[in-house]
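Residues are numbered in the numbering used here as their position in the sequence shown, beginning at 1, plus a constant of 125.
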Amino acid sequence: LQIQDTQFRIEGPVVAQLRDVFADDWLFTTGEAIDGPAWFPELAEAGDASARVIDDGPDENLDRLRWTLLGALASATTRVCIATPYFLPDEGLITGLAMAARRGVHVEIQIPETNNLLLVGWASTAQLWQVLEPGCQVYLVPPPFDHTKLMVVDGAWSLVGSANWDARSLRLNFELDVECYSPALAGRLEALLDDKRRRAKELHLADVDARSTPIRLRDGLARLLTPYL
């Protein structure tokens, strides 16, 4: 399976937040505390983006990433662009996407045309009508399998990192994202997503409704596993 992804190089003071998360995880895993100037050198200013690390995991009942996504959707005024390999949002996130679309925000979701995890692909298809019906646009990105995880809001705010739009990322896994306020960065990411969209196929509500009964049954059964996918 060929896979494509989007990588980022991060410099500046925000690296200290990444370092702190790593140090905490290292202590939890090995019992060894990382300390001293070799691990914690002074970090020079770099770039013009305001950035913050958002880590989350099952060891804390805070749902930081989920609330970040909901807050971004609630704040959007013009455009939301999302790219994720695994799209299985819970009821709250579906409502957030639908409300954004209904108040006139252009909501665009890019997912792989063929998922590398069959159950996830089937379950995702069973849910798509809930975002298509209120006006969100869904695009199927052709191979190679696109593992990109991005969110851009209003051409100014962006979220990059490890988390998917699914229960496993937002409830079960240890994940780390970085939110950035930078129109320049957001513009570059929007250009990247626009290029992917030009190669993709738009999925319409009629396409989802046209599934045969056996396919609907298969997708519906897979959807029952959504809390664990």
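The beta-carbon is built from N, C-alpha and C at its ideal position, and this holds for glycine as well.
With contacts defined as CB atoms closer than 7 Å, Pro210 and Ala292 fail to qualify as a contacting pair. Contact between the segment 233-240 and the segment 264-271 is present, with at least three C-beta pairs closer than 8 Å. Around the beta carbon of Pro214, a 10 Å sphere encloses 16 or more other beta carbons of the protein chains shown; the residue is thus reported as buried.
For Ala311, the number of other beta carbons within 10 angstroms of its own is at least 16, and it is reported as buried. Here Cys206 is near Leu318, since their CB atoms are less than 7 Å apart. The criterion of a C-beta distance shorter than 7 Å is not satisfied by Asp145 and Glu300. Looking at Val263, Ala141, Asp334, the one whose alpha-carbon comes closest to that of Glu170 is Ala141. Within the DSSP secondary-structure output, Tyr264 pairs in a beta bridge with Gln235, Glu327. CA-to-CA, the gap between Glu157 and Leu342 works out to about 50 Å. Rounded to the nearest whole angstrom, the C-alpha separation of Thr202 and Trp192 is 18 Å.
Bounds of any beta strand (DSSP E) do not take in Leu152; it lies within the alpha helix (DSSP H) bounded by 139-155. If you check the CB distance, Gly260 and Ala281 do not come in under 7 Å. With a cutoff of 7 Å on beta-carbon distance, Leu242 and Val333 are scored as not near each other.
Look at Gln127 here: in three-state DSSP terms it is coil, with no helix or strand label.
Looking at the backbone, the Cα of Ala248 and that of Phe212 are separated by about 9 Å.
Close CB contacts of Gln129 within its chain, under the 6 Å cut and outside five residues either way in sequence, are with Pro269, Asp271 (chain order).
Trp192 has no beta-bridge partner at all, per DSSP.
Within the same chain, Cβ atoms closer than 8 Å to the Cβ of Gln255 are found at Ile219, Ala223, the five residues on either side in sequence being excluded. DSSP places Leu222 within a helical segment (H, G or I) once states are collapsed to three.
Exposed is the label assigned to Asn186, since fewer than 16 other Cβ atoms lie within 10 Å of its Cβ. Residue burial is scored here from C-beta neighbours: Thr250 has at least 16 other C-beta atoms within 10 angstroms and is therefore classed as buried. With respect to Leu244, Ala347 sits close: the two C-beta atoms are nearer than 7 Å. Each residue's CA atom was taken as its position, placing Lys326 and Met276 some 19 Å apart. Rounded to whole angstroms, the gap between the alpha carbons of Asp173 and Ile135 is 12 Å.
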